[in-house]
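Asker: I'd like to ask some things about the structure below.
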Amino acid sequence: MNWKVPLADLHFGPDEYQAVRRVLESGWISMGPETELFECEFAEYLGVGHAVALSSGTAALHLALMALGIGPGHEVIVPSLTFVATVNAIVYTGATPVFADISSAEDWNVSPKQIEQLVTPETKALMLVHYGGFPCRLDRIKEIAVDRGLKIIEDAAHAPGAVFRGKKLGTWGDVGCFSFFSNKNMTTAEGGMAVTEDSDVAAALRTLRSHGMTSLTWDRHRGHSFSYDVVRTGYNYRIDEIRSAIGRSQLARLEENNSLRREITRTTRKLLAQEDMLSIPFPEEDLDNCSCHIFPILLKCASIRDSFMAFMKQQGIQTSIHYPPVHRFTAYADIWSGELPVTEDIASRMVTLPLFPGMNRDQIDLIASSVASFGRTMRNL
Ligand SMILES: Cc1ncc(COP(=O)(O)O)c(C=O)c1O
Numbered sequence: 293m294n295w296k297v298p299l300a301d302l303h304f305g306p307d308e309y310q311a312v313r314r315v316l317e318s319g320w321i322s323m324g325p326e327t328e329l330f331e332c333e334f335a336e337y338l339g340v341g342h343a344v345a346l347s348s349g350t351a352a353l354h355l356a357l358m359a360l361g362i363g364p365g366h367e368v369i370v371p372s373l374t375f376v377a378t379v380n381a382i383v384y385t386g387a388t389p390v391f392a393d394i395s396s397a398e399d400w401n402v403s404p405k406q407i408e409q410l411v412t413p414e415t416k417a418l419m420l421v422h423y424g425g426f427p428c429r430l431d432r433i434k435e436i437a438v439d440r441g442l443k444i445i446e447d448a449a450h451a452p453g454a455v456f457r458g459k460k461l462g463t464w465g466d467v468g469c470f471s472f473f474s475n476k477n478m479t480t481a482e483g484g485m486a487v488t489e490d491s492d493v494a495a496a497l498r499t500l501r502s503h504g505m506t507s508l509t510w511d512r513h514r515g516h517s518f519s520y521d522v523v524r525t526g527y528n529y530r531i532d533e534i535r536s537a538i539g540r541s542q543l544a545r546l547e548e549n550n551s552l553r554r555e556i557t558r559t560t561r562k563l564l565a566q567e568d569m570l571s572i573p574f575p576e577e578d579l580d581n582c583s584c585h586i587f588p589i590l591l592k593c594a595s596i597r598d599s600f601m602a603f604m605k606q607q608g609i610q611t612s613i614h615y616p617p618v619h620r621f622t623a624y625a626d627i628w629s630g631e632l633p634v635t636e637d638i639a640s641r642m643v644t645l646p647l648f649p650g651m652n653r654d655q656i657d658l659i660a661s662s663v664a665s666f667g668r669t670m671r672n673l
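Position in the sequence shown (first residue = 1) + 292 = my numbering.
Put into structure tokens, the structure is as follows:
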């Protein structure tokens, strides 16, 4: 489909092309020096002790849980309004996901009150998701975690560069997890990063990333070791040099891209402010600290969503839904029978509009005029 305004778009410049060429010409393409630099630069940018580059955000979530000792018999509290990978990662470890509702129609992040209600003696961790790059109520949630002795894992897939109270998201909990999938604020096509202050956790992440081995092919190539032991059952969750080199270039342009996202979000919000068929979640003032990963709107009425999305498609505008709630998927029907009224209401009425740093004023205007035109049709019915 040839969209006039796609949902997301890539933003590569000469640096990314040069980065790929540099690696191809270096003669070393699996994990090595570019990855070490990518990890150092990412850790420095976030202001955190350790960063471990991985093959995906999902791998980061899985290894974060494993490195913190989460496994069978443990419960992990998680929102249902997230991408399914957040919850799948919990299931990989043998632990049980316990779904928490979101706060309100204005705040789509997990409700601290719900978390408090769901904690049991089996709860070992909270898996937070910063929806769209808007920070969860980290101050309150941290208090609960400290009080109850719970670990915090941040799924910061939407939130590289976002900040809460002067501290970057992903650095508030025990481990922060990032995704570099192609639609993310910074991308390596596929890729991820886990960050932590704890050097034992970082060591576990590194061991688990590469089959549980004590040395890498890169170490042996450099003559740093001849052999290896396998100290636990690990995975092949390694990134490679090509993706790490692209990641370094993308990291260098992240601040600029995030501020373009914020500007476009502010303009679009202003243009849509008078539309009575919808509301826009999260307060305007929260944009200053947000990475503005996506642009969600909330329709007044669930019954108009299909016709709205079809109308936008006719105008050449791609829309989506972030997210169908995980607890409603067939795969999760067996493990969850509770109700999440706010999540279910929001998930039935939400639509994601396009947002990417290179979006031009004509594209923004087309979105706004198309929404207005649909609104007029509805009023005249
Ligand atoms: C909230 C969230 N968590 C986890 C993931 C998984 O990341 P990845 O696709 O890199 O495995 C994604 C994105 O795809 C996501 O949006």
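Built from N, CA and C at the ideal position, the CB exists for glycine as well.
Bear in mind the structure is a predicted one, so any value in this text is a computation, not a measurement.
1. In terms of residues, what are the limits of the beta strand (DSSP E) holding Met642?
2. Any idea if Glu565 is buried or exposed, counting beta-carbon neighbours within 10 angstroms, 16 or more meaning buried?
3. Quick one: grab the DSSP three-state call for Phe334.
4. Counting Cβ pairs, one atom from each stretch, are 3 or more of them under 8 Å apart for the region 417-428 and the region 336-351?
5. Where Lys592 and Phe600 are concerned, what is the direct C-alpha to C-alpha distance, given to the nearest angstrom?
6. Of the choices Met642, Ser395 and Leu497, whose alpha-carbon is the least far from that of Met569?
7. Three or more C-beta pairs closer than 8 Å, one from the region 317-337 and one from the region 501-520: is that the case here?
8. Write down the C-beta distance between Glu414 and His366 rounded to the nearest angstrom, noting that I regard them as a contact closer than 8 Å.
9. Going by DSSP in three states, Pro404 sits in which element: helix, strand or coil?
10. In three-state terms, what does DSSP make of Ser507?
11. Count the other CB atoms, across all protein chains shown, that sit within 10 Å of the CB of Ala639; report buried if there are 16 or more and exposed otherwise.
12. Could you tell me the distance, in whole angstroms, from the CA atom of Asn528 to the CA atom of Thr559?
13. Ligand 1 heavy atoms versus the CB of Asp447: any closer than 6 Å?
14. Using only the heavy atoms of ligand 1, determine whether one of them is closer than 6 Å to the beta carbon of Phe473.
15. Would the beta-carbon of Val340 fall within 7 Å of that of Pro371?
16. Given the structure, does Phe603 come close to ligand 1, in the sense that its CB is under 6 Å from one of the ligand's heavy atoms?
17. In the DSSP assignment, find the unbroken alpha helix (DSSP H) run with Val434 in it and report its ends.
18. Taking only three categories from DSSP, how would you classify Gly468?
19. Specify, as a first and last residue, the run of the alpha helix (DSSP H) that Leu563 falls within.
20. Between Ala664 and the rest of its own chain, which residues show a CB-CB distance below 8 Å, the 5 nearest in sequence each way excluded?
21. For Tyr309, does the count of other Cβ atoms within 10 angstroms reach 16, so buried, or fall short, so exposed?
22. If we ignore side chains and look at the alpha-carbon of each, how far apart do His614 and Lys476 end up?
23. Below 6 Å, is the gap between the Cβ of Ala623 and the nearest heavy atom of ligand 1?
24. Within 10 Å of its beta-carbon, does Asn652 have 16 or more other beta-carbons around it, so buried, or fewer, so exposed?
25. Please tell me whether, using a cut-off of 6 Å, the distance from the CB of Gly484 to the nearest non-hydrogen atom of ligand 1 is below it.
26. Could you give the first and the last residue of the continuous beta strand (DSSP E) run that contains Ile656?
27. Quick check on this structure: which residue in Ser536, Pro575, Cys582 and Asp532 has the alpha carbon closest to the alpha carbon of Lys459?
28. Helix, strand or coil: which one does DSSP assign to Gly339?
29. Would you mind stating whether Pro404 and Ile362 have Cβ atoms separated by less than 7 Å?
Answerer: Taking the coordinates as given:
1. On the sequence shown, position 350 is the one that residue 642 refers to. From DSSP, the beta strand (DSSP E) with Met642 extends over Met642 to Leu645.
2. The count along the sequence shown starts at 1 and reaches residue 565 at position 273. For the sequence presented, residue 565 should be read as Ala rather than Glu. With a 10 Å radius around the Cβ and a threshold of 16 neighbouring Cβ atoms, Ala565 comes out exposed.
3. Stepping through the sequence shown from its first residue, residue 334 is reached at position 42. Reduced to three states, the DSSP call for Phe334 is helix.
4. Because the criterion of three Cβ pairs below 8 Å is not met, the region 417-428 and the region 336-351 do not touch.
5. For the purposes of this step, residue 592 is taken as the residue at position 300 of the sequence shown. For the purposes of this step, residue 600 is taken as the residue at position 308 of the sequence shown. The straight-line gap from Cα to Cα measures roughly 12 Å.
6. As a first step, residue 569 must be located in the sequence shown, where it is residue number 277. Of Met642, Ser395 and Leu497, the residue nearest in Cα terms is Met642.
7. Touching, yes, given that three or more Cβ pairs across the two stretches are closer than 8 Å.
8. The count along the sequence shown starts at 1 and reaches residue 414 at position 122. The count along the sequence shown starts at 1 and reaches residue 366 at position 74. Confirmed, about 6 Å.
9. As a working mapping, residue 404 is identified with position 112 in the sequence shown. If DSSP states are grouped into helix, strand and coil, Pro404 belongs with the helices.
10. The residue labelled residue 507 in the question sits at position 215 within the sequence shown. DSSP places Ser507 in the coil class of the three-state scheme, outside both helix and strand.
11. Within the sequence shown, residue 639 is the residue found at index 347, counting from 1. When all chains shown are included, Ala639 counts as buried.
12. Reading the sequence shown from its first residue, position 236 is the one you call residue 528. Reading the sequence shown from its first residue, position 267 is the one you call residue 559. Going by C-alpha positions, Asn528 is about 43 Å away from Thr559.
13. Locating residue 447 in the sequence shown gives position 155, where the first residue counts as 1. For ligand 1, at least one heavy atom lies less than 6 Å from the Cβ of Asp447.
14. Numbered from its first residue, the sequence shown carries residue 473 at position 181. Phe473: yes, Cβ under 6 Å from ligand 1.
15. Taking the first residue of the sequence shown as position 1, residue 340 is located at position 48. Taking the first residue of the sequence shown as position 1, residue 371 is located at position 79. Not in contact: Val340 and Pro371 (Cβ atoms no closer than 7 Å).
16. On the sequence shown, position 311 is the one that residue 603 refers to. Flag unset: Cβ of Phe603 not near ligand 1.
17. Stepping through the sequence shown from its first residue, residue 434 is reached at position 142. For clarity, residue 434 is Lys in the given sequence; the question names Val instead. Element bounds for Lys434: Leu430 to Arg440.
18. Indexing the sequence shown from 1 puts residue 468 at position 176. Here Gly468 sits in strand by DSSP.
19. What you label residue 563 is simply residue 271 of the sequence shown in a count that begins at 1. DSSP places Leu563 inside the alpha helix (DSSP H), whose first and last residues are Leu546 to Leu564.
20. If you number the sequence shown from 1, residue 664 lands on position 372. If the five residues before and after Ala664 are omitted, its C-beta is found closer than 8 Å to the C-beta atoms of Glu567, all from its own chain and listed in chain order.
21. Stepping through the sequence shown from its first residue, residue 309 is reached at position 17. So Tyr309 ends up on the exposed side.
22. Position 322 of the sequence shown, counted from the first residue, corresponds to residue 614. Position 184 of the sequence shown, counted from the first residue, corresponds to residue 476. C-alpha separation (whole angstroms): 13 Å.
23. The residue you call residue 623 lines up with position 331 of the sequence shown. False, no ligand heavy atom lies under 6 Å from that Cβ.
24. Mapped onto the sequence shown, residue 652 falls at position 360. When all chains shown are included, Asn652 counts as exposed.
25. Along the sequence shown, read from residue 1 onward, the residue named residue 484 stands at position 192. In this structure, Gly484 has its CB closer than 6 Å to one or more heavy atoms of ligand 1.
26. Numbered from its first residue, the sequence shown carries residue 656 at position 364. No beta strand (DSSP E) holds Ile656; the alpha helix (DSSP H) holding it covers Arg653 to Asn672.
27. Looking up residue 459 in the sequence shown gives position 167. For the set Ser536, Pro575, Cys582 and Asp532, the Cα lying nearest the Cα of Lys459 is the one of Cys582.
28. The residue given as residue 339 occupies position 47 in the sequence shown. In the structure shown, Gly339 sits in coil (DSSP, three-state: anything other than H, G, I, E or B).
29. The residue you call residue 404 lines up with position 112 of the sequence shown. The residue you call residue 362 lines up with position 70 of the sequence shown. Not closer than 7 Å, so no.
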